[in-house]
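In UniProt numbering, the protein residues as written are 1 to 251.
Beta carbons: idealized from backbone N, C-alpha and C, even for Gly.
Comments concern the structure below.
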Ligand SMILES: C[S@@+](CC[C@H](N)C(=O)[O-])C[C@H]1O[C@@H](n2cnc3c(N)ncnc32)[C@H](O)[C@@H]1O
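The following block contains the structure:
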């Protein structure tokens with residue numbers, strides 16, 4: 001199944017699946033990082049924007065928001081949620097923009113959808129080009145060395161006479177540049193339970209490798225993966241927020 005098909009099937013359930021994610025806190029943290037590190041401009045682009053939850057919150061902070069996603073059904077939902085947003089169907093690894101942005105975000109580990117290291121490098125280089133001077137690229141990532149294949153995050157939501165249970169987990173073989181995101185949906189009603197599962201290949205990387213890829217383009221600061229406070233990364237956790245300020249003079 002292609003990346004596109006995964007989210008086409010999922011798009012109708014996507015917001016239910018993400019019902020326990022605190023998008024407001026994530027968006028607030030991006031806004032605070034931009035206030036602290038950025039150039040004050042309000043042009044914002046969300047990569048792999050999905051159904052547009054971050055855009056909805058950042059618009060409330062006064063940003064003029066755009067979103068890019070590779071999946072049209074997800075973009076249709078984003079347009080319904082954010083009628084004032086500008087949404088483009090496209091690949092974040094081949095980003096081309098007509099006017100630079102001040103803040104570019106990419107959340108829910110979506111940068112790993114780059115797929116492999118070459119595409120990840122392309123993504124980083126194209127984000128650099130798409131930012132204005134002193135602009136900020138803010139995203140979260142997972143270190144492949146810290147992936148515990150035994151862990152699954154699950155939550156359940158009641159919706160239209162059914163109970164939906166959503167599961168997600170990382171799987172990394174321990175070698176190479178590929179990891180898998182495993183997703184499952186279970187829908188239970190009075191008479192039956194249906195189960196839907198999928199696996200999605202993503203790029204696997206260590207944080208020191210990721211820092212090396214970013215370093216030519218950005219001054220990088222890493223923070224603990226806690227969206228309600230600003231805490232510098234202590235070097236232990238396998239999840240982190242990367243705040244990357246565009247270096248001058250490479251274009
Ligand atoms: C886990 S969802 C995250 C959506 C949103 N950022 C959020 O936090 O809810 C991943 C999204 O990445 C999109 N995607 C996957 N590969 C992509 C690519 N190469 N370029 C742009 N979008 C991509 C998918 O279509 C999907 O909407």
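- Comparing alpha-carbon positions, the option among 196, 139, 31 lying closest to residue 188 turns out to be 196.
- Under the DSSP assignment, residue 81 falls outside any beta strand (DSSP E), being part of the alpha helix (DSSP H) whose first and last residues are 72 to 81.
- Residue nearest to residue 14 within the set 74, 33, 23, 38 is 74 (criterion: CA-CA distance).
- The beta carbon of residue 33 sits closer than 6 Å to the beta carbons of 138, 243 from its chain, once the five residues preceding and following it are set aside; these are given in chain order.
- Counting C-beta pairs with one atom in each stretch, the region 150 to 163 and the region 110 to 119 have fewer than three that are closer than 8 Å, which means they do not touch.
- DSSP, reduced to helix, strand and coil, places residue 86 within a strand of the structure shown.
- Beta bridge pairing from DSSP links residue 194 with 187.
- Below 8 Å, too few C-beta pairs join the region 158 to 166 and the region 66 to 73 to call them touching: fewer than three.
- Judged by DSSP in its simplified three-state form, residue 107 adopts coil rather than helix or strand.
- Restricted to the region 195 to 223, the alpha helix (DSSP H) segments that are unbroken, complete and at least 4 residues in length are 207 to 214, listed in chain order.
- Comparing alpha carbon positions, the residue from 157, 185, 174, 178 closest to residue 168 is 185.
- Using a cutoff of 7 Å, the CB of residue 107 counts as near ligand 1, since one of the ligand's heavy atoms is closer than that.
- If you draw a straight line from the Cα of residue 192 to the Cα of residue 100, it comes to about 51 Å.
- Taking every protein chain shown into account, the CB of residue 212 has fewer than 16 other CB atoms within 10 angstroms, so this residue is exposed.
- Taking C-beta separations shorter than 8 Å and ignoring five residues to either side along the sequence, the partners of residue 155 in its chain run 19, 20, 165, 166, following chain order.
- In this structure, residue 93 has its beta carbon less than 7 Å from a heavy atom of ligand 1.
- Looking at the backbone, the Cα of residue 53 and that of residue 23 are separated by about 6 Å.
- Distances between the C-beta of residue 74 and the heavy atoms of ligand 1 include at least one below 7 Å.
- Using a Cβ-Cβ distance cut-off of 8 Å, the region 75 to 94 and the region 173 to 185 are not in contact, since fewer than three pairs of beta carbons, one from each stretch, lie closer than that value.
- The beta carbon of residue 17 sits closer than 6 Å to the beta carbons of 166 from its chain, once the five residues preceding and following it are set aside; these are given in chain order.
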